[in-house]
Amino acid sequence: MSMIFIGGSGEIFELPEPAITRIGAIVAAEHGVLIGDASGADAEAQGLLAGYRYEHVGVFHAGKEPRNNLGDWAAYHVPSPDDARGDFVHAAKDREMARRADFGMMVWDGASPGTAVNVLRLAMTNKPCVIYDLARGSLATAYNVQDWCAMLRHAGPDVRRQVEARMTPEERLALPG
1 MSMIFIGGSG EIFELPEPAI TRIGAIVAAE HGVLIGDASG ADAEAQGLLA
51 GYRYEHVGVF HAGKEPRNNL GDWAAYHVPS PDDARGDFVH AAKDREMARR
101 ADFGMMVWDG ASPGTAVNVL RLAMTNKPCV IYDLARGSLA TAYNVQDWCA
151 MLRHAGPDVR RQVEARMTPE ERLALPG
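By the UniProt record's numbering, the letter at position 34 of the sequence shown is numbered 34, and the numbering carries on one by one without gaps.
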């Protein structure tokens, strides 16, 4: 069973039809799903999976309890470093999902730095990630860091700065030149 890291921007409250279809295919193929507990794309995908009564789902969370676990699935607590604040609280759980995954599927609003960094985490280990870019109305697959760089070229300089601010030193070293 392949493990699929499904995630996306917290500002997305409706999944695009192709993403819904792909989640249906993931269920039909009985792949495992690794998903976060955030509102937005995570909760929307959780709701769809719960509607299927799909069992092969693990919900990863940084807090004591998941913020969202709509299918009452197994929950995996990944504590963040004591000094982590804001969005950095969730980085450790995101890194763990990327580590465990064989593939990724992200729904990106073209601005979410967390989603962009999750694609990079998968790309660094050559794990394919399908990206639904809602800002551009496009679909792409990142197979490696070069593909990730191509994805980020379409983001504005503010988004690129926010993405870089979220990266670990190791993630920054993975970038070309």
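Glycine included, C-beta positions come from ideal geometry on N, C-alpha and C.
Its chain contains P128 as the residues whose beta carbon lies nearer than 6 Å to that of Y143, once the 5 sequence neighbours on both sides are disregarded; these appear in chain order. Secondary structure note for G10: it is in no beta strand (DSSP E), with a DSSP letter that is neither H nor E. V59 and N69 have their C-alpha atoms roughly 7 Å apart.
Here V78 has F60, A62, A92, K93 and E96 as same chain residues with Cβ atoms under 7 Å from its own Cβ, once five neighbours each way along the sequence are excluded. In the DSSP assignment, C149 forms no beta bridge with any residue. Shortest Cα-Cα distance from P18 to any of S9, T125 and S138 involves S138.
According to DSSP, G104 shares a beta bridge with F5 and C129. DSSP, reduced to helix, strand and coil, places H61 within a strand of the structure shown.
With a beta-carbon spacing of about 18 Å, D37 and P81 fall beyond the 8 Å limit used to define contacts. One Cα belongs to A135, the other to A74, and the distance between them is close to 33 Å.
Counting of Cβ neighbours within 10 angstroms places T115 among the buried residues, the total reaching 16 or more.
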